[in-house]
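Quick note: the sequence shown uses this note's numbering, first residue 15, plus one each step. Just so you know, even glycine gets a beta-carbon here, dropped at the ideal spot from N, CA and C. What follows is a short report on a single structure.
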Amino acid sequence: MMKKYYIAVTYEVCEHNKIYLDMNEYQLDSSRDFDTQIRDLAKVDVAPVIKVYESETSDFKNFVLYKEYKFKEYECGCEGSQF
Ligand SMILES: [Zn+2]
Numbered sequence: 015m016m017k018k019y020y021i022a023v024t025y026e027v028c029e030h031n032k033i034y035l036d037m038n039e040y041q042l043d044s045s046r047d048f049d050t051q052i053r054d055l056a057k058v059d060v061a062p063v064i065k066v067y068e069s070e071t072s073d074f075k076n077f078v079l080y081k082e083y084k085f086k087e088y089e090c091g092c093e094g095s096q097f
C-alpha cells in the first residue's frame, strides 16, 4: 500500500464578520490517532475548524480534503456586535 501524507490546517472563523482565515499548518503523524492530534492542535490554536488534507507525495503538490473537524468550544463568542 502506498504511503500517504497528512497535514492539518487550523482555521480562524467568524461568521458574523465574514472571517475565514487559515492559521497554521501541521504535519500529522499517521502512526498515531488523528482525532487526538487534531484535538490537541485545536486547543493550541483555539481553532473552531481544522481541515485535514491527504496527499500521496510529501510535497503536497496534489492533495484532497480528507476530513473536516469542528470544535464548538472554540467558536468565537461575538454576535457581530462590535462592528
Ligand atoms: Zn465572531
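When you compare the CB positions of residue i and residue j, do they come within less than 8 Å of one another, or not?
i	j	result
Tyr88	Tyr80	no
Ala61	Tyr25	yes
Lys32	Ser69	no
Asp59	Met37	yes
Once DSSP output is grouped into helix, strand and coil, what is the label at residue i?
i	result
Val78	strand
Ile50	Residue identity check: residue 50 is Thr in the sequence provided, not Ile. Helix.
Glu87	helix
Asp73	coil
Val60	coil
Leu55	helix
Leu35	strand
Lys18	coil
Cys28	strand
Verify the contact flag: residue i, CB atom, against every heavy atom of ligand 1, threshold strictly below 7 Å.
i	result
Asn31	yes
Mark residue i as exposed unless 16 or more other C-beta atoms lie within 10 angstroms of its C-beta, in which case mark it buried.
i	result
Val63	buried
Gln41	exposed
Tyr20	buried
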